[in-house]
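Residue numbers (UniProt numbering), protein chains in the order written: chain L, 1 to 92; chain B, 1 to 92; chain E, 1 to 92; chain X, 1 to 92; chain Z, 1 to 92; chain H, 1 to 92; chain V, 1 to 92; chain S, 1 to 92; chain F, 1 to 92; chain G, 1 to 92.
Here is the structure we will look at.
Protein chains: 10
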Amino acid sequence: MEFLVRTENLLPNDTPDDVREQLRKGERERAMQLREAGILKRLWRVPGRNATVGLYEADDPAALHDALTSLPMWKWMDVTVEPLATHPQERS
Amino acid sequence: MEFLVRTENLLPNDTPDDVREQLRKGERERAMQLREAGILKRLWRVPGRNATVGLYEADDPAALHDALTSLPMWKWMDVTVEPLATHPQERS
Amino acid sequence: MEFLVRTENLLPNDTPDDVREQLRKGERERAMQLREAGILKRLWRVPGRNATVGLYEADDPAALHDALTSLPMWKWMDVTVEPLATHPQERS
Amino acid sequence: MEFLVRTENLLPNDTPDDVREQLRKGERERAMQLREAGILKRLWRVPGRNATVGLYEADDPAALHDALTSLPMWKWMDVTVEPLATHPQERS
Amino acid sequence: MEFLVRTENLLPNDTPDDVREQLRKGERERAMQLREAGILKRLWRVPGRNATVGLYEADDPAALHDALTSLPMWKWMDVTVEPLATHPQERS
Amino acid sequence: MEFLVRTENLLPNDTPDDVREQLRKGERERAMQLREAGILKRLWRVPGRNATVGLYEADDPAALHDALTSLPMWKWMDVTVEPLATHPQERS
Amino acid sequence: MEFLVRTENLLPNDTPDDVREQLRKGERERAMQLREAGILKRLWRVPGRNATVGLYEADDPAALHDALTSLPMWKWMDVTVEPLATHPQERS
Amino acid sequence: MEFLVRTENLLPNDTPDDVREQLRKGERERAMQLREAGILKRLWRVPGRNATVGLYEADDPAALHDALTSLPMWKWMDVTVEPLATHPQERS
Amino acid sequence: MEFLVRTENLLPNDTPDDVREQLRKGERERAMQLREAGILKRLWRVPGRNATVGLYEADDPAALHDALTSLPMWKWMDVTVEPLATHPQERS
Amino acid sequence: MEFLVRTENLLPNDTPDDVREQLRKGERERAMQLREAGILKRLWRVPGRNATVGLYEADDPAALHDALTSLPMWKWMDVTVEPLATHPQERS
């Protein structure tokens, strides 16, 4: 099932650059793994913000929760999840 | 997977009594079927309101949507759905 | 550019069935045309509601506006549009 | 009487790991006691968040307050409580 | 247990005067009965509005719901209920 | 005149225990004085929160402000005040 | 004591012109009386809206309520009232 | 001085086409006059909605109010006005 | 033109008393100057809060901005400004 | 395409004056470059706040995002972006 996931990154501004860079690198690597696993299907930036909108697919909310919390930035992110139902126009 | 479902019943106050009663009867019957199918697990009233909080279980959001729209009152209800993830304390 | 588009269908409950059915049929046909034109890329139902979340692509907000208002149901829909920026992870 | 209880865990991110782990352990133990006492009946995670939805039963709001404040994490939690009325479908 | 109850009266402005007056009279009589039964303890007007704030006491939310829905105006009222816990300063 | 007063206590979690205890003690003593002066008439806890709902009586908003700011915890409290009008049912 | 009073005029657009004009005339006359009685002290328009912000003075919220409900347009107005406390800079 | 003005057009869907067209024509003509008078400086559509964002210039809020209420559609529009201050970067 | 100005004072609670007192003194002095200049016309306290509602008059929003930012407390204040239009009842 | 961009500057109050001044200087210079590039078309202050409303033009949301994040103050700014569609009155 698919979910629309919004994240706001609240990492403090005074985070040292090397810590921030290491987190970003880990974030990108973990996101890539989630893409390869078919869990992260699309990702957009909210223009002007350190925030994203993502389209995820997971077996259930618990599996989605595990995927999201596996992101190194997760503990600094405010995340909201919205379930999406397949539209009849796309059932076939 | 489980969902928390809120409904507000917006059936107009000037609905004739027999129409209203027929809808309520159909609603109870359909709810009973959803209980027997294991889809509607618990139902509460929001005190003071013509509104409910329900605990549902369905295979995915599309199946939940089909169950909710099968309720005769659905077209007069404002419905919001929240996905729930199993808590590790309850996994076993 | 891509947009996230939410719609709530506010068609009155007392709309005659044939009018409603004609609108739905026209809606599906127009949506199909927008898909073929590459404007409507994905469409989901908000579970429990007569509402959708859609992913659209259009040259600019004016073109998106024209596409949305070409839907026969548009005048009964409450629509909100959110611009999406390509995420660097997906640039290549 | 039953209550729907939402919690958001606001424990600061820079809490030392051992303090955090001790709090989590105490939280699990106290939650288990509340389950055994029939006060905590169900607990879910809000997917993507350090947050929960719980179904509690207590004699009155003061007893519920005492149960919630007995949780070691309580002072870092933002908690909201909603009273639930038994639905006639479930009275028997 | 005590509850804080807010009501907004949404009776349409074009309600005939005799219907309105009959509803008001019935409302006052039922409110008086709820006072005598110890369920309605205090009632205030929200200044400037056709709205009230009330302090109610009932055994549980279901009993409160029954009391509120017994008011003749109930079907035109938007009602919200908040549970109140006895404060230690008032326990004795 | 009567006021409904809500407070949220925002005292930081890392406040030393002795400071916190001294504030609480002062708070209780001052609240007792306000009760004796007929200003604080009822006080409830918002279940699950470090928050209260209170019923106050004062000559005017300025007198109420002086009473509230005389509480030792005031500077850490988020306070909202709502004026209440005597309901005709209670005038006599 | 002084109050800040906001009104939104919700008189339906299809109100006959003569009814609307009669209401406006009555409204102006009653407002003038409230000014002369020292109850209505200032009145502004919210630019772009059929809405006002007013500064009122009344002995208590019940007296303010009586003044506001004496306005012929009252039953079509959405009114909110905010109590104001004299600022020490203006006490003398 | 400049104002940011938002409008939502709430003209009922069942308005006869000729009435609607006459209103639109009058709206365009009046808007053109406001442009020529230097009052309406820019106008955008909110994509997907029957709504606009406009940049207006007027001597004061009362003059802006008069301009907005001179639009034939005004009585069906929900309008909000935000004052804008010249930014030092643009003073010269 | 007149403006309704709301301020919330967010000066941290741990501000040293002498700093706080100096700011308050400067605030009172500057407010007095703004009164004498006819810019600050009325000021009220929001009861229970470290917050004010004020009635200001200035040539335009930029002049109002300059007046507000000249207050020594400004950088700790959350300020919102609402434009007010003269009501026809007060034009003469 | 054009965007309405709102910013709230959240730079902490205890930022040293020289850091703040350097940021402001860099901000002005970068804003000037964005003006010259035709990206920043208008900028206003929200009166009373350390906040702005801006009119931007960019090829797409990603280009706008790049422009906004190039501002030295960006990491301390809360930014919201709203897409604007050309109004037919301005097409020609």
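Ideal Cβ positions, reconstructed from N, Cα and C, are used throughout, including at glycine.
For clarity, every value in this text was computed on a predicted model and none was experimentally measured.
- The three-state secondary structure of F/V19, taken from DSSP, is helix.
- The beta carbon of X/G48 is closer than 6 Å to none in its chain, skipping five residues each way along the sequence.
- Within the segment 6-32 of chain B, those residues whose Cβ lies closer than 8 Å to any Cβ of chain Z are, in chain order, N13.
- Taking CB atoms only, L/H87 has no neighbour in chain X less than 9 Å away.
- The beta-carbon of X/L55 is placed less than 9 Å from the nearest beta-carbon of chain B.
- The Cβ of F/V81 sits closer than 9 Å to at least one Cβ of chain S.
- Going by beta carbons, H/K41 and H/Y56 fall inside the 9 Å limit.
- Look at H/R6 here: in three-state DSSP terms it is strand.
- A Cβ of chain V is located within less than 9 Å of the beta carbon of Z/G48.
- In the same chain as H/E27, and ignoring 5 residues on each side of it, the C-beta atoms closer than 8 Å to its own belong to L71, P72 and M73, in chain order.
- Between V/L84 and F/V53, the CB-CB gap stays under 9 Å.
- Look at B/E2: its C-beta is under 9 Å from a C-beta on chain X.
- Straight-line spacing of the CA atoms in E/H87 and G/P61 works out to 10 Å.
- For B/D66, the three-state secondary structure derived from DSSP is helix.
- Closer than 9 Å to the CB of L/P72 there is not a single CB belonging to chain B.
- In this model, F/R45 and X/P12 are separated by some 34 Å (Cα to Cα).
- Sequence-distant partners of F/A51 (beyond 5 residues in either direction) whose C-beta falls short of 8 Å from its own C-beta, in its chain, are R6, T7, E8, N9 and R45.
- Checking the DSSP bridge columns, you'll see B/R42 partnered with B/L55.
- Following the DSSP letters along the chain, one finds Z/L84 inside the beta strand (DSSP E) bounded by residues M77 to T86.
- Using a 10 angstroms sphere on the CB of V/M32, the tally of other CB atoms stays under 16, which defines it as exposed.
- In chain order, P72 and M73 place their CB closer than 6 Å to the CB of S/L23, counting only its own chain and leaving out the 5 sequence neighbours on each side.
- Shown here, B/G48 sits in coil according to DSSP, grouped into three states, outside any helix or strand.
- Taking a C-beta distance under 9 Å as the contact criterion, S/A37 and S/F3 do not qualify as a contact pair.
- Between the C-alpha atoms of G/R20 and S/E90 there is a straight-line separation of about 21 Å.
- From the beta-carbon of E/E90, the residues of chain L found nearer than 7 Å are L43.
- For S/R30 and S/H65, the gap between their C-alpha atoms comes out near 14 Å.
- The criterion of a C-beta distance shorter than 9 Å is satisfied by V/A67 and V/L34.
- By the rule that beta-carbons nearer than 9 Å mark a contact, B/D78 does not touch chain L.
- Nearest CB-CB separation between L/L84 and chain E: below the 9 Å threshold.
- In the structure shown, G/R91 adopts coil according to DSSP, grouped into three states.
- Residues of chain G with a Cβ closer than 7 Å to the Cβ of S/T52 are, in chain order, H87.
- Remark: C-beta atoms of B/M1 and L/M1 approach each other more closely than 9 Å.
- By the criterion of a C-beta distance shorter than 6 Å, L/T80 is surrounded in its chain by R6, once the five residues flanking it on both sides are discounted.
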